[in-house]
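Asker:
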């Protein structure tokens, strides 16, 4: 008797889904399969239930191993994703720092240029004030002394 057949017959015995007809044959109401009572008794004597329990234990171990493998794959995928995010974050931070330094550099150049322009304008205004100063003093003196 092969292993699958043993498991199937053990299922018959444990679950009680078969009924016995008047000729001592097992009868399944859905599949209409017939199994002789002697065949089932032979299975019982060979330790079929024990084989069934062993097969069930093996199935549990297989399922447990599959779950463990799945959890390991999920953990590995999570670790890889976190690593990818860290790399992307570092890249974006580097780009941001580069942009900030470039804009600061440009503003430094702009400040220097504006300072130079301001000094030139102040010098120009001082020169114009020096030219006009004697005339303004004369005009003020005239206005103050005239009653």
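Residue numbers (mature numbering (1 follows the signal peptide of the UniProt record, and there is no 0)): -19 to -1, 1 to 128.
Glycine included, every Cβ here is placed at the ideal spot set by N, Cα and C.
Values in this document were obtained by computation on a predicted structure and should not be read as measured data.
(1) Quick check on the burial criterion: 16 or more other C-beta atoms within 10 angstroms. Buried or exposed for residue 29?
(2) Is residue 11 helix, strand or coil when you go by DSSP?
(3) Please report how far the alpha carbon of residue 50 lies from the alpha carbon of residue 63, in whole angstroms.
(4) What's the call for residue 34, buried or exposed, on a 16-neighbour Cβ count within 10 Å?
(5) I need the straight-line Cα distance from residue 65 to residue 46, nearest angstrom please.
(6) Express the C-alpha separation of residue 81 and residue 91 in angstroms, rounding to a whole number.
(7) Compute the Euclidean distance between the alpha carbons of residue 52 and residue 58, then round it to the nearest angstrom.
Answerer: To lay it out plainly:
(1) On the chain shown, residue 29 is found 48 positions in, with the first residue counted as 1. Buried.
(2) Start at 1 with the first residue of the chain shown, and residue 11 comes out as number 30. Because residue 11 carries a pLDDT of 46, less than 50, the predicted location of this residue cannot be relied on, and the following value inherits that uncertainty. Coil.
(3) Your numbering for residue 50 matches position 69 in the chain shown. Your numbering for residue 63 matches position 82 in the chain shown. One alpha carbon belongs to residue 50, the other to residue 63, and they sit about 20 Å apart.
(4) The residue you call residue 34 lines up with position 53 of the chain shown. The residue in question, residue 34, is exposed, as its Cβ has fewer than 16 Cβ neighbours within 10 Å.
(5) By one-based count along the chain shown, residue 65 stands at place 84. By one-based count along the chain shown, residue 46 stands at place 65. Approximately 28 Å, taken between the alpha carbons.
(6) Residue 91 sits at position 110 when you count from the first residue of the chain shown. Residue 81 sits at position 100 when you count from the first residue of the chain shown. When rounded, the distance between both Cα atoms is 15 Å.
(7) In the chain shown, counting from the first residue as 1, residue 52 sits at position 71. In the chain shown, counting from the first residue as 1, residue 58 sits at position 77. Residue 52 and residue 58: Cα-Cα distance of roughly 10 Å.
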